Structures are given as C-alpha cells and as structure tokens.
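**Student:**
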Amino acid sequence: MTTQNLSHQQLEELSEKVGGDRSLLVCCAAFRGKADQFVNLTLKKIPKMVLSRCEWAHDDYSLNVANLPMAQPDQDFEQNKPVKSIKKNS
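First residue of the sequence shown: 7, per the working numbering; consecutive thereafter.
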C-alpha cells in the first residue's frame, strides 16, 4: 500500500521482482497503465475519501494492546458438546 502514483516502469519492475509464481495486491493513489497488463499484480486505486481520512507517513503505528485474562470455559457448551463416533471396519 502506498499513497504514491505508480508509473508503468515502477509497476513493471515490481512485477519482475514478484515473479511469475507469486502474486501481489498493490493499493496506490493512482497508477499508469492497464490494470490487467501485469498478470501477477492486482492493482487497486485507493479512493480519495479513504486517502483523506487515514493517517499516512508515520514511522510508528504503535497500538495500545492490553493482555486480557483468559476466558473461562462455558460449562453449558462443554456439557452439550457432541461426541464423535468412531466407525469400525467390519
């Protein structure tokens, strides 16, 4: 994902680096060329509305992640859990 406008040459270089055995989704502000020209790249334009509402060019997107306590097993679920039957070959 990039906010850059990608040129045909940039897309060509990216396609070569990705290789024929892999594929890559490329989201950018704009691109030059036909989207189906590179079989290993899926090109998507980021809508201007999204570009204007997101924060870009940050070096650190740290999230405050809290360690939550482990959930206790649900007793009703454990009691009503289906039992797998084993088929015997005869």
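Positions of the beta carbon are idealized from the N, C-alpha and C atoms, including for glycine.
Remember, predicted model here, so these are calculated numbers, not experimental data.
With DSSP as the reference, please indicate the residues paired to A36 in a beta bridge.
**Tutor:** N11, per the DSSP bridge assignment.
**Student:** For V45, is the classification buried or exposed, using 16 other Cβ atoms within 10 angstroms of its Cβ as the cut-off for buried?
**Tutor:** Exposed, because fewer than 16 other Cβ atoms sit within 10 Å of the Cβ of V45.
**Student:** Where does L74 sit, in a helix, a strand or coil, going by DSSP?
**Tutor:** Here L74 sits in coil by DSSP.
**Student:** Just curious, the alpha helix (DSSP H) that R59 is in, first and last residue?
**Tutor:** Per DSSP, R59 belongs to the alpha helix (DSSP H) from K54 to R59.
**Student:** Given this structure, state the Cα-to-Cα distance separating H14 from R28, to the nearest angstrom.
**Tutor:** One C-alpha to the other measures close to 20 Å.
**Student:** Leaving out the 5 sequence neighbours to the left and right, which residues in its chain are closer than 6 Å to T48 when beta-carbon positions are compared?
**Tutor:** Around T48: L31.
**Student:** Determine whether the beta carbon atoms of K50 and C33 lie at a separation below 7 Å.
**Tutor:** Contact: yes.
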